[in-house]
């Protein structure tokens, strides 16, 4: 992926679906004044979905790059997309 901009060497591990279950990530985003987050990931119906919804609840402006999101169950993902649209998440 040539357009990926690496802005930090930090790695935040998680043990649950949402990346926001790691308090270190939340602290890092706050300390760096993050206002928006773009999500990519392997499972659009799992970790990506949970993290996207959690970011919305944390009041971040959220976008999802569908060209970089994996989906195993397209039918289920259609419902996920609808939910994201209802939340006002930018989908591209």
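In full-length UniProt numbering, the protein residues as written are 1 to 92.
Cβ coordinates follow ideal geometry from the N, Cα and C atoms, glycine included.
Keep in mind the model is a prediction, meaning the values are calculated, not measured.
With a 10 Å radius around the Cβ and a threshold of 16 neighbouring Cβ atoms, residue 57 comes out exposed. When beta bridges are read from the DSSP output, residue 41 appears opposite 69.
By the CB criterion at 8 Å, residue 62 and residue 48 fall outside the cutoff.
Residue 14 carries a coil assignment under DSSP once its states are collapsed to helix, strand and coil. Annotated three-state conformation of residue 64 is strand, per DSSP.
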